[in-house]
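Engineer:
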Amino acid sequence: MPHPAHALDAQEQSTLVTAAAAAPSVLNTQPWSFTAGPRGIDVHADPGRAPAATASAARDVHLSCGAAVFNARVALARLGRGARTEVLPEAGDPLLVARVTVADEPPDPELEALYHCVGRRRTNRYPFRPQAVPAGLMLLLYDAAAWEGATLRALDEEPEYQRVLTLIRKAAWTEDERAREDRAALLGAGSGPPVLPVENLGPVPRGLSEGPAVRDLADGLDLPGRGTATFEQHPTLAVLETADDDPVSWVAGGQALERVLLEATGRGVAASFANQPLEDAELREDVSSSAAHFGHPQMVLRLGYPLTVPPAAPRRPEAEVLRGVEP
């Protein structure tokens with residue numbers, strides 16, 4: 000098959016892989032690999048890299064890969080190419096999550112404008128400033144999610160805000176011990192470097208007896224250098240939801256998530272995740288019980304204006320995530 004008129008050279012293929020690999024992922028495990036070529040990039044799931052102890056494990060892998068797919072689309076736009084995206088393009092290969100290929104059409108200028116945010120985006124587990132994210136900006140983020148077929152539901156009214164905040168705290172109290180051990184193995188000292196260094200974990204929360212919305216991933220681990228900090232008492236919370244709840248919807252949710260995060264980054268807003276209740280099947284139903292018409296919750300986001308900007312979380316080298324190069 001001949002190459003398209005706007006085929007990608009080796010450097011452009013590397014740009015695509017680097018952008019895709021910069022996406023957020025469950026516990027920064029980066030559960031993906033890529034096949035690059037002149038026509039674009041295939042995104043493959045690597046479920047063996049992700050924690051396996053929660054009810055959300057398969058969903059989290061697809062959400063992570065969906066975020067990588069969106070970054071690949073952004074990178075193609077930056078390279079002056081249009082993009083065509085096929086989700087789960089081969090029925091016989093469930094680990095081939097998506098194929099993003101060069102399309103014979105102009106690049107999307109809105110995606111191109113997000114490229115400068117790909118490397119700046121951080122999952123920020125540090126305290127935020129006490130002010131809420133303005134309603135106008137939340138509306139813009141709602142539109143970003145809607146553009147990718149998802150809904151971003153801001154928790155801006157009571158009693159819904161307290162109800163979901165209570166579920167977040169309850170999930171932390173009732174978390175399965177195996178899940179804690181699984182996460183500790185990824186974050187603690189072992190045979191290799193942890194998936195998240197101390198500076199990306201943020202400080203140990205203090206001062207709120209009921210526990211903050213921010214998740215202390217290393218709760219119970221003795222990791223020198225973390226320090227402690229008081230977190231904001233009333234963080235801006237939002238739930239990302241999709242109409243359906245299957246692998247295609249999870250990939251769409253991941254693309255919507257990354258679009259929201261890049262738009263937020265461009266406007267000085269940081270995010271972390273409060274997905275604790277989504278890792279428990281019963282609590283996940285409770286998150287959506289009062290808003291079932293929106294669909295199925297895929298992510299719970301904590302949004303705000305950062306006091307501290309952490310370094311970028313470490314990324315696997317290109318040679319490790321690139322499983323093949325097509326001629």
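Each residue of the sequence shown is one higher than the one before, starting from 0 at the first, in numbering that gives the first Met the number 0. Each residue gets a CB set at the ideal place from its N, CA and C atoms; glycine is no exception.
By a C-beta neighbour count over all protein chains shown, 10 Å radius and 16 as the cutoff for buried, is Gln341 buried or exposed?
Structural biologist: This structure cannot speak to residue 341, because the chain is shown only from 0 to 326.
Engineer: Chain C beta carbons: is any one of them nearer than 8 Å to that of Gly118?
Structural biologist: Included in the structure is just one protein chain, with no chain C present.
Engineer: At what residues does the beta strand (DSSP E) containing His43 begin and finish?
Structural biologist: Where His43 is concerned, the enclosing beta strand (DSSP E) stretches over Gly39 to Ala44.
Engineer: Give the secondary structure of Pro88 by DSSP, where H, G and I count as helix, E and B as strand, and everything else as coil.
Structural biologist: Pro88: coil per DSSP, three-state reduction.
Engineer: Please report the distance separating the alpha-carbon of Leu136 from that of Ala270.
Structural biologist: Computed Cα separation, rounded: 14 Å.
Engineer: Roughly how many angstroms lie between the CA atoms of Gly252 and Leu277, to the nearest whole one?
Structural biologist: Spanning the two alpha carbons is a distance of roughly 14 Å.
Engineer: Would you mind reading off the limits of the beta strand (DSSP E) that contains Ser271?
Structural biologist: First-last of the beta strand (DSSP E) with Ser271: Ala269 to Phe272.
Engineer: Select from Ala66, Pro50, Val101 and Asp92 the residue whose C-alpha is nearest the C-alpha of Arg83.
Structural biologist: Looking at the Cα atoms, Val101 is the closest of the given residues.
Engineer: Can you tell me which residues form a DSSP beta bridge with Met298?
Structural biologist: According to DSSP, Met298 bridges with Leu239.
Engineer: I'd like the span of the beta strand (DSSP E) that includes Thr100, first residue to last.
Structural biologist: Where Thr100 is concerned, the enclosing beta strand (DSSP E) stretches over Leu95 to Ala102.
Engineer: Tell me which residue opens and which closes the alpha helix (DSSP H) that Pro204 is part of.
Structural biologist: No alpha helix (DSSP H) contains Pro204, which is instead part of the beta strand (DSSP E) from Val203 to Arg205.
Engineer: Based on DSSP bridge pairs, tell me the residues matched to Val324.
Structural biologist: Answer is Ala35, bridged to Val324.
Engineer: Is the distance from the Cβ of Cys116 to the Cβ of Thr227 below 8 Å?
Structural biologist: Going by C-beta atoms, Cys116 is not nearer than 8 Å to Thr227.
Engineer: Output the distance between the C-alpha atoms of Leu75 and Glu111, rounded to the nearest integer angstrom.
Structural biologist: Cα to Cα, Leu75 sits roughly 8 Å from Glu111.
Engineer: Assign Ala312 to buried or exposed, taking buried as 16 or more other Cβ atoms, counted over all protein chains shown, within 10 Å of its Cβ.
Structural biologist: By the neighbour-count rule (16 or more Cβ atoms within 10 Å), Ala312 is buried.
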